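Heads up: the structure comes next, in structure tokens.
There are 2 protein chains.
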Amino acid sequence: MNRITAEEAAKILLGQDDILVLTHRSPDGDTLGSAYAVCHALRRMGKRINVACADEIAEKYSYLAAGMQDMDFEPRFILAVDVADEKLLGNLRKIYGGSIDMCIDHHGSNTGYADKLLLKEVAACAEIIYELLLLMKAPIDVKIAECIYTGISTDTGCFRYSNTTAQSHYIAAKLMETGFNYFIINRLMFEIKSKEFLQLEQKAIAGMEYYLDGRVAVITLTKEMMDSVDPSSLEYIAPLPRQVEGVRCGFTLKQVEENHFRISVRTGHELDASKICAGFGGGGHKRAAGCSFTGTKDELIGRLIKAVEKEMQQPIG
Amino acid sequence: MNRITAEEAAKILLGQDDILVLTHRSPDGDTLGSAYAVCHALRRMGKRINVACADEIAEKYSYLAAGMQDMDFEPRFILAVDVADEKLLGNLRKIYGGSIDMCIDHHGSNTGYADKLLLKEVAACAEIIYELLLLMKAPIDVKIAECIYTGISTDTGCFRYSNTTAQSHYIAAKLMETGFNYFIINRLMFEIKSKEFLQLEQKAIAGMEYYLDGRVAVITLTKEMMDSVDPSSLEYIAPLPRQVEGVRCGFTLKQVEENHFRISVRTGHELDASKICAGFGGGGHKRAAGCSFTGTKDELIGRLIKAVEKEMQQPIG
């Protein structure tokens, strides 16, 4: 693995054609926004390029690919965006594992699986893509602005989270000048809830459990609860426990099978979520991370609380 | 009433001393952020200046005035910020009504009650204050950045709503460069909910009523429900009805007495909330407005639905 600069990445991409852009599994606004921004831009520059994802893309993201048909070619250059680890390619790993030419990412935990890595620990991968497109002198039109804004907006919780920087706002200002409908995007990403989701949310909040004198809150989603809504809407549950006054660490436990859980962790600025998850073989960012666990719910909660207690003893950093 | 430019307003303020800044009743982040930004800045420039508000200021806004004591002087210049109508001064109207020297506002509906009016229809009054402080060559330090950011962030729903512009983001970027803790402000303004509020929210959502094939949603808050929480947290209820899929107009009815209601209206880009409220003697912005009503809930809902139907027949503008 070679670390490269944005200038080098721009030069390499300009010299390539027949490019396939890979996103991570369970795709979110940043991996998709980044991939489609690159795809729209390079197509406008006359290149053949497609986007691939192991999982189905939620309907609410369909505007990112609007008007885009898959092109017919044999890929000669594989680019991964916002993918911290080859494992996160899902089923695509079987085909492209070990042969990723370039990765563009903002996760400090990137495993360096790609031949060349452009890594900057900024709020969203889409911020790196914006810089790259400027260096490539790509035209930033309304569609590309929508894609980049979606990445930044979703990864920063619409500019709320502590990862937001002056640069995030500065790029947003530049994108707004293209006149795209950011408010329809924000409504799609952050506001609209189905009646089914509202019911799930009520159930989840009613069943919230508190530990460590209210400093930890836990929501548990059973398989039945999760089956009642569009899977992509589940990401809106993860921030809820941390919204309760006094809660410093929020867990959302998704009970995918009787004794198998996927866990989302959200923390305030004084606790490192990725360290809490590392003890379970997971990872992510400082304020938002994830892991899985096989065992009973009681065992899981016992271990999570221990991990939080340990992390609470660390100096704030 | 004389309309003045930001340059003229800056010159006038620089020439004044012993200033009292008035905010609107039921003070929100924009009126308070604007007032305290001016107050901090002019005090740093050696002037005597205080802020006054008819109603108690919620605890969550206390950081805006941190370290600030009331100064002892007889006001010689009265400035109102973010106050569209003298009526909105609440009890302060009795003292200062008819003698407001200058008003700085962003409401198109401003009644022109002040001697001089600086009006720009931007997202937040705090955006005008930022421009004014630059013109006055005031130092934009961390505390002033907090005040201005609070105004912009609260009035744009943290950069989500359709009133957000490139300028809103550009100012935010500039403010972020001072290094203030925007994420703690955003957590205070948008995230933290007390357990009591969570319960109220659940009850409100469970009781939501739908009209016009789900295009209108109505939440009703009884006096008992409202008494269970900090009054300042009630503003978080108003956006909820509009979040439901398919809802184009959301009403929140606050039943302050048996037959007396205060109504908050939230609409999408195709409906004008201020026009709906105008029929009830109220007003506000295109997407967020308010009014009051004396009568039964059934009468009120009947009239609100008629007003929405009428507004739905208007061409989109």
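Residue numbers (the working numbering), protein chains in the order written: chain A, 397 to 713; chain B, 397 to 713.
Backbone N, C-alpha and C define an ideal beta-carbon position, used for all residues, glycine too.
A quick note: this is a predicted structure, and the numbers were derived from the prediction, not measured.
Whole-angstrom distance between residue j and residue i, CA atom to CA atom
i              : j              : result
residue 713(B) : residue 670(B) : Note that residue 713(B) scores a pLDDT of 45, beneath 50, so its modelled location is shaky; the value from the coordinates is reported in the next line. Near 13 Å, if we compare the C-alpha coordinates of residue 670(B) and residue 713(B).
residue 636(A) : residue 607(A) : 15 Å
residue 600(B) : residue 616(B) : 7 Å
residue 574(B) : residue 423(B) : 26 Å
residue 425(B) : residue 686(B) : 17 Å
residue 689(B) : residue 660(B) : 11 Å
residue 559(B) : residue 496(A) : 42 Å
residue 449(B) : residue 433(B) : 15 Å
residue 471(B) : residue 414(B) : 5 Å
residue 462(A) : residue 508(A) : 32 Å
residue 513(B) : residue 492(B) : 16 Å
residue 473(B) : residue 416(B) : 6 Å
residue 665(B) : residue 626(A) : 26 Å
residue 681(B) : residue 596(B) : 26 Å
residue 398(B) : residue 476(B) : 15 Å
residue 614(A) : residue 581(A) : 30 Å
residue 547(B) : residue 584(B) : 13 Å
residue 480(A) : residue 609(A) : 35 Å
residue 361(B) : residue 598(A) : Residue coverage of chain B in this structure runs from 397 to 713, which leaves residue 361(B) outside it and unanswerable.
residue 527(A) : residue 543(A) : 14 Å
Per-residue contacts from residue i into chain A (C-beta, under 8 Å)
i              : result
residue 560(B) : 572, 578 and 579
Alpha helix (DSSP H) segment containing residue i, residue limits
i              : result
residue 708(B) : 693-708
residue 593(B) : 591-602
residue 526(A) : 521-531
residue 566(B) : 562-572
Residue i, buried or exposed, once every other Cβ within 10 Å from all chains shown has been counted against 16
i              : result
residue 523(A) : buried
residue 467(A) : exposed
residue 656(B) : exposed
residue 506(B) : buried
residue 549(B) : buried
residue 458(B) : exposed
residue 533(A) : exposed
residue 702(A) : exposed
Backbone secondary structure at residue i - three-state DSSP
i              : result
residue 688(B) : strand
residue 469(B) : coil
residue 433(B) : helix
residue 439(A) : helix
residue 623(A) : helix
residue 543(A) : helix
residue 661(A) : strand
residue 713(A) : In this prediction, residue 713(A) has a pLDDT of 45, which is less than 50 and means its spatial position is unreliable; nothing more can be read from the coordinates.
residue 641(B) : coil
residue 498(A) : strand
residue 476(A) : strand
residue 425(B) : helix
residue 667(A) : coil
residue 676(B) : coil
residue 557(B) : coil
residue 550(A) : helix
residue 459(A) : helix
residue 653(B) : strand
residue 452(B) : coil
residue 509(A) : coil
Residues that residue i contacts on chain A, provided the C-beta gap is smaller than 7 Å
i              : result
residue 640(B) : 589, 591 and 594
Element boundaries [beta strand (DSSP E), containing residue i]
i              : result
residue 512(A) : 512-515
residue 406(B) : It is not in any beta strand (DSSP E) - residue 406(B) instead sits in the alpha helix (DSSP H) that spans 402-410.
residue 615(B) : 612-617
residue 488(A) : Segment 488-492 is the alpha helix (DSSP H) holding residue 488(A); no beta strand (DSSP E) there.
residue 484(A) : Counting along the chain, residue 484(A) falls outside any beta strand (DSSP E), and DSSP gives it neither H nor E.
residue 416(A) : 415-418
residue 779(A) : No answer is possible for residue 779(A): the residues shown for chain A start at 397 and end at 713.
residue 578(A) : Unbroken run through residue 578(A) is the alpha helix (DSSP H), 578-582; no beta strand (DSSP E).
Interface residues of chain B facing residue i [CB-CB closer than 7 Å]
i              : result
residue 601(A) : 594 and 598
residue 554(A) : 554, 555 and 556
residue 586(A) : 556
residue 502(A) : Neighbours of residue 502(A) on chain B: none; closest Cβ ~18 Å, over 7 Å.
residue 582(A) : 556
residue 681(A) : By Cβ distance, chain B contributes nothing, its closest Cβ being about 13 Å from residue 681(A), past 7 Å.
Contact set between residue i and chain B, taken where Cβ atoms lie within less than 8 Å
i              : result
residue 632(A) : Here the premise fails: no neighbours, minimum Cβ distance about 11 Å.
residue 566(A) : 565, 566 and 569
Listed by chain order, chain C residues near residue i by CB distance under 9 Å
i              : result
residue 436(B) : The structure shown has no chain C; the protein chains it does contain are A and B.
Proximity test, residue i beta-carbon vs the ligand COA heavy atom, cut-off 8 Å
i              : result
residue 565(B) : This structure simply doesn't include the ligand COA, nor any ligand for that matter.
Partner residues on chain A for residue i, Cβ-Cβ distance less than 9 Å
i              : result
residue 656(B) : Within chain A, no residue comes near residue 656(B); the closest Cβ sits about 29 Å away, beyond 9 Å.
residue 420(B) : The contacting residues do not exist; residue 420(B) stays about 25 Å from chain A at best.
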